[in-house]
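Colleague: Order-wise, the sequence lines are chains A and B.
So that you can map any letter, position 389 of the first sequence is 393 in the numbering used here, and since no number is skipped, the others follow by simple counting.
So that you can map any letter, position 99 of the second sequence is 103 in the numbering used here, and since no number is skipped, the others follow by simple counting.
Where is the CB? At the ideal position from N, CA and C, for every residue including glycine.
Remember, it's a predicted structure, so these values are computed and weren't measured experimentally.
Protein chains: 2
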Amino acid sequence: MAAESISTLPTWKKLEIHQGEISRVLLNDLFANNPKRGIDFSIEEAPLFIDYSKQPVNHDTINLLVELAEARGLRAKIEDLFNGQVINRSENRPALHHALRSKTDHQVFVEEKNVHSLVVSELEHMEAFIKLLHSGEIKGFTGKSINTLVNIGIGGSDLGPRLATQALHAFADGTIQVHFVANIDKQEIDAVLERVDAEQTLFILASKSFTSLETITNANTARDWLARNGAENPCNQILAVTGKPDAAKAYGIRKENIFMIWDWVGGRYSLWSAIGLPVAAAIGINRFRDLLSGAEKMDHHFRETSFDQNIPVMLGLLDVWHINFFGSETLAIIPYDQSLALLPDYLSQLLMESNGKQVKQSGEFVDYNTGAIIWGGIGSNCQHAFMQLLHQGTHHIPAEFLVASRANDNNIEYQRLLFSSCIAQGEALMHGNQGHEGISNDQLIKGNHPSITIIYESMTPETLGMLLAMYEHRTFVQACIWGINPFDQWGVELGKKIALDISATIEGNSVIREFDSSTRQLIDRFSKA
Amino acid sequence: MAAESISTLPTWKKLEIHQGEISRVLLNDLFANNPKRGIDFSIEEAPLFIDYSKQPVNHDTINLLVELAEARGLRAKIEDLFNGQVINRSENRPALHHALRSKTDHQVFVEEKNVHSLVVSELEHMEAFIKLLHSGEIKGFTGKSINTLVNIGIGGSDLGPRLATQALHAFADGTIQVHFVANIDKQEIDAVLERVDAEQTLFILASKSFTSLETITNANTARDWLARNGAENPCNQILAVTGKPDAAKAYGIRKENIFMIWDWVGGRYSLWSAIGLPVAAAIGINRFRDLLSGAEKMDHHFRETSFDQNIPVMLGLLDVWHINFFGSETLAIIPYDQSLALLPDYLSQLLMESNGKQVKQSGEFVDYNTGAIIWGGIGSNCQHAFMQLLHQGTHHIPAEFLVASRANDNNIEYQRLLFSSCIAQGEALMHGNQGHEGISNDQLIKGNHPSITIIYESMTPETLGMLLAMYEHRTFVQACIWGINPFDQWGVELGKKIALDISATIEGNSVIREFDSSTRQLIDRFSKA
């Protein structure tokens, strides 16, 4: 199946024809023709409610998209995912992020080790550590209790815990302050070190490979700073979360302070592992387990629900509908929730690093578009920033709104205005103002812009777990339709290698190689400065 | 001229033909064919260095693009801008953001008032205030000196000062702490109020119209919080930056605490006015004046330099080249500088709110694409997040890198790695790894992706001023080519109006009107919660 192009599938052809038909009907008219449209094109899996009725679809579209999923063998691929088949073929591994949150032993083995046992044991390791930390029994080099944790990691070792810690701030009791450092820009770590106390701060060195240039450089800076501030054995105040425990030991980190992650979980899918340690430190281990339970709930939904009622399946198929049939290049993610300010960044990694690919699992190149550019920002701020372009610009941009129907502090006044602003954007994008009185062309909003609205009751650990697992599975659905591997990321290697060449050239250690005249003159700018 | 479509211009046709030719040549080959290419396609205006040689252009392209600019009357339009002509036609106003930073009286009058005199006088007002603030003479309600400033504003009253305060943190002496609140999400203002002391905190209510729902709601919350914390006259600790001084007075703000902005400066172009007050508070008035000087330097460059050596002109034309001839929908802004973390957000407002339009100044609809979607994020973080898609995805995405050749703290080690990582991405995007040994299809990076690299010596107030004015003028250049008005934003009004309808419906005050079945069920979710 993989050898033929999806664009030759009969269902694909039918979808192309159908797109030509439905794109001639206005969204407004779809609503006028079906008074039950709102309900017909919504899915509820409490506490999530997904309304995709403002999408350019009717019942025929849904049937065809489901037919496409079936033709692409999605059902079997979902089973392969959960059964631990080697679906990350280029790296010859299964993808077992779902095992990190499963309470059931599914008898999946990797290198003869039971994955569930590994997960349970590492979660117990985390639990023991978090309990000691919260009871003040973890001490710094002067005997004072640790009250601050600085996570040093980048990409998947940063975005997930950073997002979750911020999203769940209402559940943090303040026992442990958590900070994050990712970039190889000294300004970032300096700003954090200025604010924390060496006697009471633990660092987490989070790196699966234990070789990320950024992370090791920052960890060295932290270690030296601890030493400069009086720590005789600074590595005693550094934890590691890594797949290379021997390298961590060699770095000087104590055995009990090394938390394991595994090759069968990609960085961008790893929040559920010990990579989530900063989150557990902030909100406590029980609430971290609630986060896992929420994700597990979405796993069950994904695996067990018929496609037309299956949230990740429908959302992934709608992405394909926009990207491959309407030609959209982007998806705008717009949470009306300050606590989800990092969601667009998090999803830009999850979706773009996973599905920014042009090679199929079969090794051939695709002849159709794959992953979209994920961008966005929080509402209502974006209404005063980029929303102008969605209303009156010239590009086809699907928008996705997220909002809580209840604030965690139960305030009504603000939440009503925030919620109303969110729902209003979806309506404005769809209806526009054609036919309104006194509207000049300058003011005309043609409308007919598609959006999805996701409502959750309030931002809780369980809800966040469900949401993020939903986006993981949606990513998987896209990849299955396109026949690509969402679990590797070969494209990032070349830049790393060239960076080291350039750095060595600047240092003047050796003439590594010739550079083009642009790269050469840019390099010289550094040396001249 | 405006009445004919640009797509019928002879130069446009020539560019279409030329695009067909040059897109068959690899960027690598353009370099191989011209050893001076790096220099030929770079522009220096110290301390900025712009290398656009990794763009799909040759000398013919530049000549044709300049010809297009001439055909569109760009030269005269630039003069109209600086001479204060009514170029914002839909609002019947000039656009005079440049006057905010001009040391010269250009004898521009609006409603018989000399604009330069107004600007000078308000800048002196700011200066007097900042000096009192820094010397501790501004006191809170218990007589303690003010040491904290909270800016309450949204969109243009938020993004500019927020960006500049963060970008120039190295120039802040810490006398005054500055915080920002924008969103109508109570979590944001609550997080700030938890961290500040009512006795020593001033609030700025920044709203040109003095009616922004978000800003007035947050200002009320601040006022009530001051009162709850013991301030008898809480409005004495609130400043206003507004175009409606009477409304500010009616709110209870003292006359001397009201700073003026004017209709002839759009919100997204207003950093240079009293909207910059938080920046001046953080870095001092002299450095704020350096920021203005940097912008003024770019104004002179823009007005006086021939088009082929003119940074905003060339960058604006290259945007048109990508959007209208290569069909790109987006521009990725990637600063390798933690201090510019907010630049993608700032530019998404500047460019998308300005040029996300489909109506020409003539009132007709465009038949070509206009403003691109601006997105991005900081490097090197993005290498571990979304860069995979640029290297191996299927979309044509121009990338723009920014990096300092020197760190403000003069560290070499980190800055070399950061700088090398930045330059490496441009090289990797262009060269790819075709022909490298042992590369499987999974690992293949085809290359030939365009980028621009902007190098500045270090992040200073003057440099930031130049950079931001450069983007303002680039926005103007795009708009001139497309024949649209970059200074209005009618598209944002409808959503605001609908939000109030929905809010009133939720409150149950009245049946405002019918809603479609989607909007209706979403509204009901709030009421049910």
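1) Could you name the residues of the segment 183-206 of chain A whose beta carbon sits closer than 7 angstroms to any beta carbon of chain B, in the order they occur along the chain?
2) Under 8 angstroms Cβ to Cβ from isoleucine 91(A), same chain only, skipping five residues before and after it: list those, please.
3) Should glutamine 438(A) be flagged as near chain B, meaning a C-beta pair shorter than 8 angstroms?
4) Can you tell which of Leu355(B), Lys361(B), Ala411(B), Arg420(B) has the C-alpha that lies nearest to the C-alpha of alanine 389(A)?
5) Taking 8 angstroms as the threshold (beta carbon to beta carbon), is aspartate 250(A) in contact with chain B?
6) Please return the same chain residues whose Cβ sits closer than 8 angstroms to the Cβ of aspartate 528(B), not counting the five positions on each side in sequence.
7) Verify the CB distance criterion: does leucine 217(A) have a CB-CB separation below 8 angstroms to chain B?
8) Taking 8 angstroms as the CB-CB cut-off, is alanine 6(B) touching chain A?
9) Of all the beta strand (DSSP E) runs that stay within the bounds of the segment 153-238 of chain B, which reach a length of 3 or more residues?
10) Taking the CB atoms as reference points, tell me whether isoleucine 261(B) and alanine 244(B) lie closer together than 8 angstroms.
11) I want to see whether chain B comes within less than 8 angstroms of methionine 130(A), judged by CB atoms only; does it?
12) Quick check: what's the CA-CA separation for leucine 351(A) versus isoleucine 378(A)?
13) Hey, how far is the Cα of tryptophan 325(A) from the Cα of glutamate 300(B)?
14) Which value, in whole angstroms, describes the spacing of the CA atoms of phenylalanine 480(A) and leucine 471(A)?
15) Determine contact between the segment 493-507 of chain B and the segment 422-429 of chain A, defined as no fewer than three beta-carbon pairs at a distance below 8 angstroms.
16) Quick check on aspartate 294(A): does DSSP put it in helix, strand or coil?
17) What number of angstroms, rounded off, separates the C-alpha of serine 384(B) from the C-alpha of proline 454(B)?
18) Could you tell me whether any Cβ in chain B is nearer than 8 angstroms to the Cβ of lysine 212(A)?
19) For proline 490(B), return the contacting residues in chain A, with the cut-off set at a CB-CB distance below 7 angstroms.
20) What does the alpha-carbon distance come out to for the pair tryptophan 486(B) and glutamine 353(B)?
21) Taking the straight line between their C-alpha atoms, what separation do you get for glutamate 25(B) and glycine 320(A)?
22) CB-CB under 6 angstroms to arginine 227(B), same chain, minus the five flanking residues each way: which ones, in chain order?
23) Buried or exposed, going by whether 16 or more other CB atoms sit within 10 Å of the CB of serine 211(A)?
24) Measuring alpha carbon to alpha carbon, tell me which residue in Ser343(A), Asn151(A), Leu433(A), Asn373(A) is nearest valine 200(A).
25) Give a yes or no on whether 8 angstroms exceeds the smallest Cβ distance from glutamate 461(A) to chain B.
26) What alpha helix (DSSP H) runs, 4 residues minimum, are completely inside the segment 294-366 of chain B?
27) Between which two residues does the beta strand (DSSP E) harbouring valine 407(A) extend?
28) Output the boundary residues of the alpha helix (DSSP H) element that contains glutamate 116(A).
29) Alpha helix (DSSP H) containing tyrosine 475(B): first to last residue?
30) According to DSSP, serine 149(A) sits in a beta bridge with which residue or residues?
31) Is glycine 397(B) close to the ligand SAH? I mean its beta-carbon at under 7 angstroms from any heavy atom of the ligand.
32) Would you decide whether serine 57(A) is buried or exposed? Buried here means 16 or more other CB atoms lie within 10 Å of its CB.
33) Okay, do the segment 201-220 of chain B and the segment 153-170 of chain B touch, 3+ Cβ pairs below 8 angstroms being the bar?
34) How is the alpha helix (DSSP H) around isoleucine 527(B) delimited, first residue to last?
35) Which residue wins for smallest C-alpha separation from glutamine 313(A), given the options Ala483(A), Ile449(A), Ser46(A), Ser27(A)?
36) Return the bridge partner residues of glycine 380(A) from the DSSP annotation.
Modeller: In brief:
1) Ala186, Asn187, Ile188, Asp189, Lys190, Gln191, Glu192
2) Lys81, Asp84, Leu85, Pro98, Ala99, Asn489, Phe491
3) no
4) Leu355(B)
5) no
6) none
7) yes
8) Confidence at alanine 6(B) is low in this model, with a pLDDT of 44, below 50, so its placement is unreliable and the value that follows should be read with caution. No, no contact with chain A.
9) 181-185, 205-210
10) The residue you asked about is not isoleucine; residue 261(B) is asparagine in the sequence shown. A contact, by the Cβ cut-off of 8 angstroms.
11) no
12) 7 angstroms
13) 48 angstroms
14) 14 angstroms
15) yes
16) helix
17) 18 angstroms
18) no
19) Ordered by position in chain A, no residue passes the 7 angstroms Cβ test against proline 490(B), which lies about 11 angstroms from the chain.
20) 18 angstroms
21) 37 angstroms
22) Pro238
23) buried
24) Asn151(A)
25) yes
26) 315-324, 347-351
27) 403-408
28) Element bounds for glutamate 116(A): n/a, residue is neither H nor E.
29) 465-486
30) Lys143(A)
31) For the structure depicted, the ligand SAH is absent and the ligand set is empty, with no information on it obtainable.
32) buried
33) yes
34) 521-532
35) Ser46(A)
36) Ile337(A)
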